[in-house]
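Have a look at the structure below, then the notes.
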Amino acid sequence: MPKPDPVPSRAARCLPRWLAALTLAGASPAIARELPQLEITSQDRVLVVAPHPDDETLCCAGVLQRAAAVGAEVGIVWMTAGDGARFNALLARVTPWSTGRQMVRLGKRRLREAAAAAGVLGVPETTLWILGYPDRGLARLLDPASDQPFRSAYTRRADIPYVEAVSASSTITAAGLHADLVQVIREFRPSWVIAPAVEDAHPDHRATGELVRQALATSGAKARLAGYIVHAGRQLPARRGFRPHLALEAASAAGGNLHALELTAEERHRKAEALRQHRSQMRRMARFLKSFVRRDELFVVDLPDAAGAATEEG
Numbered sequence: 286m287p288k289p290d291p292v293p294s295r296a297a298r299c300l301p302r303w304l305a306a307l308t309l310a311g312a313s314p315a316i317a318r319e320l321p322q323l324e325i326t327s328q329d330r331v332l333v334v335a336p337h338p339d340d341e342t343l344c345c346a347g348v349l350q351r352a353a354a355v356g357a358e359v360g361i362v363w364m365t366a367g368d369g370a371r372f373n374a375l376l377a378r379v380t381p382w383s384t385g386r387q388m389v390r391l392g393k394r395r396l397r398e399a400a401a402a403a404g405v406l407g408v409p410e411t412t413l414w415i416l417g418y419p420d421r422g423l424a425r426l427l428d429p430a431s432d433q434p435f436r437s438a439y440t441r442r443a444d445i446p447y448v449e450a451v452s453a454s455s456t457i458t459a460a461g462l463h464a465d466l467v468q469v470i471r472e473f474r475p476s477w478v479i480a481p482a483v484e485d486a487h488p489d490h491r492a493t494g495e496l497v498r499q500a501l502a503t504s505g506a507k508a509r510l511a512g513y514i515v516h517a518g519r520q521l522p523a524r525r526g527f528r529p530h531l532a533l534e535a536a537s538a539a540g541g542n543l544h545a546l547e548l549t550a551e552e553r554h555r556k557a558e559a560l561r562q563h564r565s566q567m568r569r570m571a572r573f574l575k576s577f578v579r580r581d582e583l584f585v586v587d588l589p590d591a592a593g594a595a596t597e598e599g
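Take 286 as the starting number for the sequence shown in the numbering used here and just add one per residue.
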């Protein structure tokens, strides 16, 4: 007499359908994309720079997993805590007219979620850095020589409010941000830096791309630079929602030397699991975020002026 099927565990029963669907998605062979593959070896040191908590998962979860799996060193630096997301604050029972203290509380929550996601992806706690500069304010902090204090419109603080930050409690200045990023690069000594492309439509992402270029030039690092795009207008990613069998579409602004990283079914599963850790974001924009769990990740490698002076923001 055949044995009855085992009863699934409570954890398995609680998995959302979009995450469980990865098992089926993995059964279909991926169609080879006509793009060179991003190659990571055991000798590499891969540093992902994220403007906000969740960007490291959206565009780089596969790279981080692959790098960790082959024995490369991996690290993440978050430029902001994502503490300017007022709608997130509303969902978290913080009012739209919230106090600065409440927005800092939201930032702390998002940083905890990001650390949990990093753990799912295999990034050690010892190579996680928080800079904690103002969300939606990075474009005002592009001059590495400026020591002019800057006040966040959301936390209403002119100092960095996160105790885990590289320069916690320091006055917010462009010079301070530049110095913190240079410090992280010199400490980690990356062979790859993966950061937003300057063509990204979000001001914080464009600014982060510029700031990384500046910091690489100052640090003297010989790292290769790969750029990713999250915000490319309403049309991308196309066919929104959880579609892990589809390839990502390249943004027309990407240009340059486009590379892909084809993800295994297991890597896609872990990417989806890491994304679930970002509960604050998933509550308000899950459909958009799930659109990045695709069969590959795309990067523009060795952008022009990667190690040179930053260009003016357009």
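Don't be surprised by glycine CBs; every beta carbon is placed ideally from N, CA and C.
{"query": "Residue span of the alpha helix (DSSP H) that contains L462, given as start and end", "result": "A459 to F473"}
{"query": "Under the three-state DSSP convention, the category P481 falls into", "result": "strand"}
{"query": "Between the CA atoms of P429 and A317 - distance to the nearest angstrom", "result": "Per-residue confidence for A317 stands at a pLDDT of 42, beneath the threshold of 50, marking its modelled position as unreliable; no derived number is given."}
{"query": "Given 8 angstroms, three or more beta-carbon pairs between the region 402-421 and the region 351-363", "result": "yes"}
{"query": "Exposure of T458, with buried meaning 16 or more beta-carbon neighbours within 10 Å", "result": "buried"}
{"query": "Contact check, D489 vs H337, beta carbons under 8 angstroms", "result": "yes"}
{"query": "Top-ranked residue by Cα proximity to S576, from F584, D587 and R553", "result": "R553"}
{"query": "Residue from E534, E558, R580 and M567 whose Cα sits closest to the Cα of L546", "result": "R580"}
{"query": "Beta-carbon contacts of S455 that lie in its chain and below 7 angstroms, excluding the five residues immediately before and after", "result": "D444, I445 and G461"}
{"query": "Straight-line gap, L533 to R390 (C-alpha atoms, nearest Å)", "result": "34 angstroms"}
{"query": "Beta-carbon separation (whole angstroms), S327 vs A346, contact threshold 8 angstroms", "result": "With a Cβ gap of about 20 angstroms, S327 and A346 do not count as contacting."}
{"query": "Reference L396; option with closest CA among V586, R524 and W414", "result": "W414"}
{"query": "Which of helix, strand or coil DSSP assigns to F577", "result": "coil"}
{"query": "R509, DSSP secondary structure in three states", "result": "strand"}
{"query": "First and last residue of the uninterrupted beta strand (DSSP E) at T549", "result": "Premise fails: T549 is in no beta strand (DSSP E) and is neither H nor E."}
{"query": "Beta strand (DSSP E) runs contained entirely in the region 412-447, provided each spans 3 or more residues", "result": "413-418"}
{"query": "DSSP state of R330 mapped onto helix, strand, coil", "result": "strand"}
{"query": "R555 - DSSP class collapsed to helix/strand/coil", "result": "helix"}
{"query": "Residue environment, V478, which counts as buried when at least 16 other CB atoms sit within 10 Å", "result": "buried"}
{"query": "Test item: CB-CB of G369 and R421 under 8 angstroms", "result": "yes"}
{"query": "Beta-bridge pairing of G360 - partner residues as DSSP gives them", "result": "L332"}
{"query": "Spatial neighbours of A442 in its chain, beta-carbon cut-off 8 angstroms, leaving aside the 5 residues before and after", "result": "A small correction: the amino acid at residue 442 is Arg; Ala does not occupy that position in the sequence shown. For R442, where only same-chain residues beyond five positions count, the Cβ hits under 8 angstroms are G385, V389, R436 and I457."}
{"query": "Test item: CB-CB of L427 and A492 under 8 angstroms", "result": "yes"}
{"query": "Own chain, CB closer than 6 angstroms to P419, minus 5 neighbours either side, in chain order", "result": "S437"}
{"query": "As assigned by DSSP and simplified to three states, the class of L533", "result": "coil"}
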